[in-house]
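If you count the sequence shown from 1, position 160 lands on 160 in the numbering used here, and the numbers rise without skipping.
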Amino acid sequence: MSFEHSPAIEVEDLWYRYDDGPLALAGVNLSVEAGEFLAVVGQNGSGKTTLVKHFNGLLRPARGRVLVLGQDTADQSVGQLARKVGYLFQNPDHQIFAPTVWEEVAFGPRNLGFSEGEVADRTTEALALFELGDQAGTPPAILGYGLRRQVTLAAVWAMRPQILVLDEPTVGLDWRGTCTLMEEVTNLNSQGHTIILVTHDMKLVAEFARKVLVLDEGRILAHGPTRQLFQQEAILRQAFLALPPITALARRMQPYGLRGGSLTLEEFYQEYTALRQLGQGG
1 MSFEHSPAIE VEDLWYRYDD GPLALAGVNL SVEAGEFLAV VGQNGSGKTT
51 LVKHFNGLLR PARGRVLVLG QDTADQSVGQ LARKVGYLFQ NPDHQIFAPT
101 VWEEVAFGPR NLGFSEGEVA DRTTEALALF ELGDQAGTPP AILGYGLRRQ
151 VTLAAVWAMR PQILVLDEPT VGLDWRGTCT LMEEVTNLNS QGHTIILVTH
201 DMKLVAEFAR KVLVLDEGRI LAHGPTRQLF QQEAILRQAF LALPPITALA
251 RRMQPYGLRG GSLTLEEFYQ EYTALRQLGQ GG
C-alpha cells in the first residue's frame with residue numbers, strides 16, 4: 001500500500017487557547033511528510049495532545065490553519081477527517097462502547113457508509129491482523145487492558161486511515177504488550193501509513209521514530225531526525241527529556257572508544273562488539 005500525498009499534514013501559524021485557560025499552542029508551524037514516523041514529545045502541558053487533536057478535527061484552530069492531505073480541516077467534519085486520520089486515545093476505555101469486539105471494530109467502517117459486505121471484510125481482516133478472532137463475540141469491556149488496547153487499534157485500522165495518531169498508546173501495557181503493539185504499528189508504517197506517536201517514553205522514540213517534534217509551552221523547541229535530537233543536550237535539558245537508557249550508556253562509554261550515539265540495543269551491541277574485536281586484533 002502506498003499513499004502519494006505529500007505532505008500528509010501541514011500546520012500553519014496555529015494558535016489555540018482553552019476556554020478560560022492558558023495559551024496551549026502559540027504559532028506552531030509544522031510539515032509532516034507522508035509515510036513519516038514522527039514522535040511528539042515534551043512535558044505535561046507542553047501542547048502535545050492539543051496539537052494532534054487538531055489533525056482529526058477534535059479541536060479547531062483559534063488562529064492559523066491545519067491541512068490534512070492538502071485539504072483545510074476547517075472545511076471538513078470530524079466524520080470526513082476520520083477517513084484520513086485515525087486517532088487512538090490514551091485510555092482505551094474512552095473509545096470502547098459496543099457490546100462485542102466485532103461490533104466495536106465494525107462501527108467505524110459502518111459509520112463511514114461502507115456496504116455491509118465491505119464492513120464485514122474489514123472487520124474480519126482487522127480481527128485477524130490483531131489476533132482478536134477468538135474474542136469477536138466477547139464484550140470488550142471485560143477484556144484485560146492489553147486486549148482492550150488491541151481492540152481500539154483494530155477499530156481504528158478497520159477504517160484504513162492514511163494517518164494514524166497514537167496518544168500515549170503504551171501506557172498501562174507491560175513490555176510484551178508494548179512490543180506487540182509497536183510491532184503492529186511499525187508494520188502499518190512500512191505499508192505507507194503516516195504514524196504520529198505522542199509519548200513520554202524516550203526508549204520508544206529512539207527505537208521507532210525517525211523524526212521527533214519537541215514542544216515546550218505550546219511552541220516548537222526542536223524538530224528533526226531522532227539521532228540528531230539526542231545529540232542536542234541543551235534542548236533535552238530545556239524540555240526535561242532524558243536520554244534513552246542505551247544511549248546514556250553509550251555516551252558514558254565514549255572515553256573507551258564508543259561513538260556514544262547508539263539508539264537501540266542492537267546498535268550498541270554491534271558497535272561494542274566491533275570495538276572489542278578491534279582491541280583484540282591490536
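All C-beta atoms in this analysis are idealised placements derived from N, C-alpha and C, irrespective of residue type, glycine included.
Please work out which residues of its chain come closer than 6 Å, Cβ to Cβ, to residue i, disregarding the five sequence neighbours upstream and downstream, and give them in chain order.
i, result
"arginine 63", "Trp15"
"serine 46", "Leu215 and Asp216"
"leucine 146", "First, the amino acid is wrong: residue 146 is glycine here, not leucine. Leu173 and Gly177, listed in sequence order."
"lysine 48", "Val40, Gly42, Val198 and Leu215"
"aspartate 19", "none"
"serine 2", "Confidence at serine 2 is low in this model, with a pLDDT of 49, below 50, so the placement of that residue should be treated as unreliable; the coordinate-derived value is given next. So the qualifying residues of the chain are Gly192."
"glycine 133", "Leu127"
"histidine 5", "Bear in mind that the predicted position of histidine 5 carries a pLDDT of just 49, short of 50, making it unreliable; the figure below should be weighed with that in mind. Contacts found: Ala34 and Leu69."
Residues in its own chain within less than 7 Å of residue i by CB, not counting five upstream and five downstream?
i, result
"serine 190", "none"
Do you know whose CA, among the options, lies nearest residue i's CA?
i, options, result
"alanine 295", "Arg210, Arg160, Val105 and Tyr145", "Limits of the chain in this structure are 1 at one end and 282 at the other, which puts residue 295 out of reach."
"leucine 25", "Arg17, Val32 and Pro244", "Arg17"
"alanine 8", "Gln162, Arg252, Val212 and Ala239", "Gln162"
"proline 92", "Leu153, Gly108 and Leu132", "Leu153"
"alanine 34", "Ile196, Ile235 and Leu51", "Ile196"
"leucine 58", "Arg237, Gly86 and Asp201", "Gly86"
"leucine 69", "Glu125, Thr194, Cys179 and Gly117", "Thr194"
"lysine 53", "Asn29, Val165 and Gln150", "Val165"
"histidine 200", "Ala248, Thr170 and Gly21", "Thr170"
"leucine 51", "Gln71, Glu36, Leu30 and Phe37", "Leu30"
"threonine 186", "Pro22, Glu36, Tyr269 and Gln71", "Glu36"
Just confirm the distance between the C-beta atoms of residue i and residue j, as a whole number of angstroms; I'd bet it's less than 8 Å.
i, j, result
"alanine 82", "asparagine 44", "Not a contact, Cβ separation roughly 27 Å."
"tryptophan 157", "leucine 181", "Their Cβ separation, rounded to whole angstroms, is 12 Å, which puts tryptophan 157 and leucine 181 out of contact at 8 Å."
"glutamine 221", "alanine 239", "The residue asked about is misnamed: residue 221 is leucine in this sequence, not glutamine. Confirmed, Cβ separation roughly 6 Å."
"alanine 98", "proline 140", "7 Å"
"leucine 236", "glycine 257", "So it is not a contact: roughly 24 Å between Cβ atoms."
"glycine 261", "glutamine 232", "That pair is no contact at about 12 Å."
"valine 32", "valine 66", "Contact doesn't hold; Cβ gap of about 11 Å is too wide."
"threonine 226", "leucine 278", "Not a contact, Cβ separation roughly 27 Å."
"alanine 155", "leucine 38", "Incorrect: roughly 22 Å between the Cβ atoms, too far for contact."
Under 9 Å, Cβ to Cβ, is there at least one residue of chain B near residue i?
i, result
"glycine 86", "You won't find chain B in this structure, because it holds only one protein chain."
Identify, in the order they occur along the chain, each residue of the same chain with its Cβ nearer than 8 Å to the Cβ of residue i, setting aside the five sequence neighbours on each side.
i, result
"glycine 224", "Lys211 and Val212"
"threonine 290", "The displayed coordinates of the chain run from 1 to 282. Any statement about residue 290 would go beyond what the structure contains."
"glycine 27", "Asp13, Leu14, Trp15, Gly64 and Arg219"
"threonine 123", "Trp102, Val105, Ala106, Pro109 and Ala158"
"phenylalanine 89", "Gln95, Thr152 and Asp167"
"glycine 282", "With a pLDDT of 45 at glycine 282, under the threshold of 50, the modelled position of that residue is not reliable, and the figure given next carries that caveat. Correct list: empty, nothing qualifies."
"arginine 259", "Ala250 and Glu271"
"phenylalanine 114", "Arg122"
Length-filtered (4 minimum) alpha helix (DSSP H) runs lying within the stretch 145-206: 145-157 and 175-190
Touching by the beta-carbon criterion (3+ pairs, under 8 Å), the stretch 196-213 and the stretch 239-258: yes
Given 8 Å, three or more beta-carbon pairs between the stretch 65-83 and the stretch 95-102: no
3 or more residues per run - each beta strand (DSSP E) lying fully within the stretch 46-106: 63-68 and 85-88
Start-end ranges of the alpha helix (DSSP H) lying completely within the stretch 203-263, minimum 4 residues: 226-229, 233-238 and 245-252
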